[in-house]
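Taken in sequence, the protein lines are chains A and B. Here the first sequence stands for residues 1 to 217, numbered as in this note's numbering. Here the second sequence stands for residues 218 to 333, numbered as in this note's numbering. Glycine included, every Cβ here is placed at the ideal spot set by N, Cα and C. Notes follow the structure.
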Amino acid sequence: TPRAGSQCPACGGPALDVESQRELLLDLAKRSILDKLHLSQRPALSRPVSRAALSTALQHLHGPPQGTLPEDNRGQECEIISFAKTGLSNINQTHLDFHFSDRTAGGMEVQQASLMFFVQLPLNATKTLKVRVLVLSPHDTNLTLATQHLLEVDASGWYQLPLGPEAQAACSRGHLTLKLVPEGQVTQSSVILAEAVHRPFIMAQVRVGGKHRVRRR
Amino acid sequence: GIDCQGRSRMCCRQEFFVDFREIGWHDWIIQPEGYAMNFCTGQCPLHVAGMPGIAASFHTAVLNLLKANTAAGSAAGGSCCVPTARRPLSLLYYDKDSNIIKTDIPDMVVEACGCS
């Protein structure tokens with residue numbers, strides 16, 4: 001109530017002046033958003049994403065059909081876009097690391113995942129290029145081959161590769177390593193681009209905290 | 218539902234917009250630019266108990282109960298001003314690994330208030 005010193009009509013306590021009421025409401029808004037996102041505090045951004053990479057990625061985001069809110073026992077559903085950290089790459093192969101922070105105690109379950117990467121073919125390319133995508137899983141201290149996909153590339157541009165259960169399980173565990181190996185045409189530079197604008201990324205449909213929830217009767 | 222205006226003391230919906238730039242969250246929340254943290258406030262005297270502002274039949278039923286039980290003074294706890302309609306908040310934000318997360322948080326925005 002704007003009159004300082006009067007009584008709060010709802011709880012009878014001393015009324016707050018307008019400024020302290022605003023502070024209280026802003027704090028409440030912050031807390032309610034962080035609670036619903038299962039965060040204890042706002043994230044400190046480790047590696048800002050360039051606006052070009054952001055706008056490219058957002059063009060591929062397609063939310064769940066509007067109006068389909070998660071049913072009680074399905075946990076909260078969301079979409080994640082994870083940009084690659086390009087590790088030990090060279091012109092013959094590109095090493096990609098993806099990290100998914102575990103967002104709740106109830107864990108997260110990747111239901112669908114696909115890799116997006118950009119291929120720049122040499123101008124004088126005459127024939128189709130094949131790109132082998134290796135899904136690696138940690139085994140002791142090494143990385144072993146879990147599965148692989150072969151993609152035919154006949155023009156420069158973005159390519160989407162749906163990833164199978166092994167890669168989805170690695171994403172659910174929080175860390176996925178891929179290796180892209182172009183086959184056939186040898187070029188003087190890597191055909192898989194990974195600089196800011198063409199940074200490879202993964203799009204995943206994820207269910208958060210849905211695995212262990214008791215089904216409500 | 219009724220929106221709070223001026224010095225109304227009856228149960229109504231108070232609009233309150235949180236601008237993410239103003240609280241310094243615009244760097245990690247990509248969309249939207251703010252959050253309508255509306256809330257319900259005001260009093261619910263017994264003659265408007267059950268007046269959700271939407272389905273008056275519920276209100277009539279409650280009034281008849283009060284008349285039938287002449288519960289005028291004895292209704293324990295009275296009636297409270299509560300949300301009667303809410304909608305989800307869609308958020309697009311960065312997590313600590315700079316992944317982009319798109320999620321719908323159900324029941325985050327109060328659309329209407331009424332008396333329980």
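Kindly indicate which residue of the options has the alpha-carbon position closest to the one of residue i.
i: residue 86 of chain A; options: A:208, A:203 and A:194; result: A:194
i: residue 311 of chain B; options: A:123, A:54 and A:173; result: A:54
i: residue 227 of chain B; options: B:251, B:266 and B:236; result: B:266
i: residue 8 of chain A; options: B:296, B:259, B:275 and B:326; result: B:259
i: residue 156 of chain A; options: A:134, A:149, A:170 and A:129; result: A:129
i: residue 256 of chain B; options: B:250, B:219 and B:249; result: B:219
i: residue 325 of chain B; options: B:332, B:309, B:277 and B:252; result: B:252
i: residue 218 of chain A; options: A:196, A:204 and A:206; result: Outside the shown range of chain A, which is 1 to 217, sits residue 218 of chain A, and nothing can be said about it.
i: residue 328 of chain B; options: B:300, B:322, B:314 and B:308; result: B:300
i: residue 307 of chain B; options: B:282, B:280, B:323 and B:314; result: B:323
i: residue 29 of chain A; options: B:248, B:278, B:295 and B:234; result: B:234
i: residue 331 of chain B; options: B:313, B:314 and B:302; result: B:302
i: residue 58 of chain A; options: B:250, B:309, B:282 and B:280; result: B:309
i: residue 122 of chain A; options: A:192, A:97, A:205 and A:6; result: A:192
i: residue 161 of chain A; options: A:175, A:172 and A:180; result: A:180
For residue i, count neighbouring Cβ atoms within 10 angstroms of its own Cβ and tell me buried if that reaches 16, exposed if not.
i: residue 18 of chain A; result: exposed
i: residue 15 of chain A; result: buried
i: residue 77 of chain A; result: buried
i: residue 237 of chain B; result: buried
i: residue 262 of chain B; result: exposed
i: residue 208 of chain A; result: buried
i: residue 167 of chain A; result: buried
i: residue 177 of chain A; result: buried
i: residue 66 of chain A; result: Confidence at residue 66 of chain A is low in this model, with a pLDDT of 42, below 50, so its placement is unreliable and no value can be given for it.
i: residue 277 of chain B; result: exposed
i: residue 221 of chain A; result: Here chain A covers residues 1 to 217 and nothing more, so residue 221 of chain A does not appear.
i: residue 199 of chain A; result: buried
i: residue 175 of chain A; result: exposed
i: residue 223 of chain B; result: exposed
i: residue 264 of chain B; result: exposed
i: residue 79 of chain A; result: buried
i: residue 91 of chain A; result: exposed
i: residue 42 of chain A; result: buried
i: residue 282 of chain B; result: exposed
Identify the residues that DSSP records as bridge partners of residue i: which are they?
i: residue 238 of chain B; result: According to DSSP, residue 238 of chain B bridges with nothing at all.
i: residue 228 of chain A; result: In the structure displayed, chain A extends from 1 to 217; residue 228 of chain A sits before or after that span and is not available.
i: residue 220 of chain B; result: B:230
i: residue 298 of chain B; result: B:332
i: residue 321 of chain B; result: B:307
i: residue 247 of chain B; result: BP columns for residue 247 of chain B are empty, so no partner.
i: residue 256 of chain B; result: B:231
i: residue 82 of chain A; result: A:202
i: residue 244 of chain A; result: The first residue shown for chain A is 1 and the last is 217, placing residue 244 of chain A beyond what the model contains.
i: residue 137 of chain A; result: A:144
i: residue 33 of chain A; result: Its beta-bridge partners do not exist; DSSP assigns none.
i: residue 174 of chain A; result: None, per the DSSP bridge assignment.
i: residue 157 of chain A; result: A:119
Closer than 7 Å: is that where the CB of residue i sits relative to any heavy atom of the ligand ADP?
i: residue 299 of chain B; result: Ligands displayed in this structure: none; no statement on the ligand ADP is therefore possible.
For residue i, return the contacting residues in chain D, with the cut-off set at a CB-CB distance below 8 Å.
i: residue 57 of chain A; result: This model lacks chain D altogether, as its protein chains are A and B.
Counting Cβ pairs, one atom from each stretch, are 3 or more of them under 8 Å apart for the region 43-63 of chain A and the region 240-260 of chain B? With the cut-off at 8 Å, the region 43-63 of chain A and the region 240-260 of chain B touch.
Does the structure place the region 144-161 of chain A close enough to the region 222-236 of chain B that three or more beta carbon pairs sit under 8 Å? No, because fewer than three Cβ pairs between the region 222-236 of chain B and the region 144-161 of chain A fall closer than 8 Å, the two stretches do not touch.
Are the region 315-326 of chain B and the region 35-46 of chain A touching, with three or more C-beta to C-beta distances below 8 Å? They touch, by the three-pair rule.
Does the region 149-165 of chain A come into contact with the region 116-136 of chain A, if we say contact requires no fewer than three beta-carbon pairs (one atom in each stretch) closer than 8 Å? The region 149-165 of chain A makes contact with the region 116-136 of chain A: 3 or more CB pairs, one atom from each, lie closer than 8 Å.
Counting only Cβ-Cβ distances shorter than 9 Å, please list the residues of the region 312-327 of chain B near chain A, keeping chain order. Result list: 312, 313, 314, 315, 316, 317, 318, 319, 320, 321, 322, 323, 324 and 325.
Taking a cut of 9 Å between CB atoms, which residues from the region 122-135 of chain A lie near chain B? Those residues of the region 122-135 of chain A that come within reach of chain B (Cβ to Cβ, closer than 9 Å) do not exist; the list is empty.
Taking a Cβ distance cut-off of 7 Å, strictly less, list which residues of the region 223-243 of chain B are near chain A, in chain order. Contacts with chain A (Cβ-Cβ distance below 7 Å) from the region 223-243 of chain B involve 226, 233, 235, 240 and 242, listed in chain order.
What residues in the region 30-49 of chain A bring their beta carbon closer than 9 Å to a beta carbon of chain B? Look at the region 30-49 of chain A: the residues with a C-beta under 9 Å from a C-beta of chain B are 30, 32, 33, 36, 37, 39, 42, 43, 44, 45, 46, 47, 48 and 49.
Listed from N- to C-terminal order along the chain, which residues in the region 76-105 of chain A have their beta-carbon within a distance smaller than 9 Å of any beta-carbon of chain B? For the region 76-105 of chain A, which is checked against every Cβ of chain B, the residues closer than 9 Å are 76, 77, 78, 79, 80, 81, 82, 83, 98, 99, 100, 101 and 103.
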